[in-house]
Amino acid sequence: MKKWLVIIIIGLIIVTLGVLAFNSKFYYPELPVESVSKKEVLQSIENATEPIVKIANEKSYEWFITRMEQGQGR
Numbered sequence: 004m005k006k007w008l009v010i011i012i013i014g015l016i017i018v019t020l021g022v023l024a025f026n027s028k029f030y031y032p033e034l035p036v037e038s039v040s041k042k043e044v045l046q047s048i049e050n051a052t053e054p055i056v057k058i059a060n061e062k063s064y065e066w067f068i069t070r071m072e073q074g075q076g077r
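Start counting at 1 in the sequence shown, then tack on 3, and there's your number in our numbering.
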């Protein structure tokens, strides 16, 4: 009985950590700008109709991002 309880608790911890990791987008690299979050940038890309999206104006620079499939960058 105790063994099953430990297995269930470890399983729940693993699932919880997986959900948190997926929602936090930690697997994406850091952005070069501090004024927007990764989540905001991903939402702007998903909602955009243009291939290039302006994400920020910071320190007199304009920052853009584009959506590409993995392996398609040149």
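Note that beta-carbon positions come from the ideal geometry of N, C-alpha and C, so glycine has one too.
Range of the contiguous alpha helix (DSSP H) that encloses residue i
| i | result |
| --- | --- |
| T19 | K5 to S27 |
| K42 | K41 to N50 |
Residue closest to residue i, alpha-carbon to alpha-carbon, out of the options
| i | options | result |
| --- | --- | --- |
| S38 | W66, K6 and M4 | W66 |
| E53 | T69, K41 and N60 | T69 |
| E33 | K41, S27 and A24 | K41 |
For residue i: DSSP bridge partner residues
| i | result |
| --- | --- |
| K57 | F67 |
CB-CB length for residue i against residue j, believed under 8 Å
| i | j | result |
| --- | --- | --- |
| V36 | I58 | 7 Å |
For the pair the segment 41–53 and the segment 6–25, tell me if three or more CB-CB distances fall below 8 Å. no
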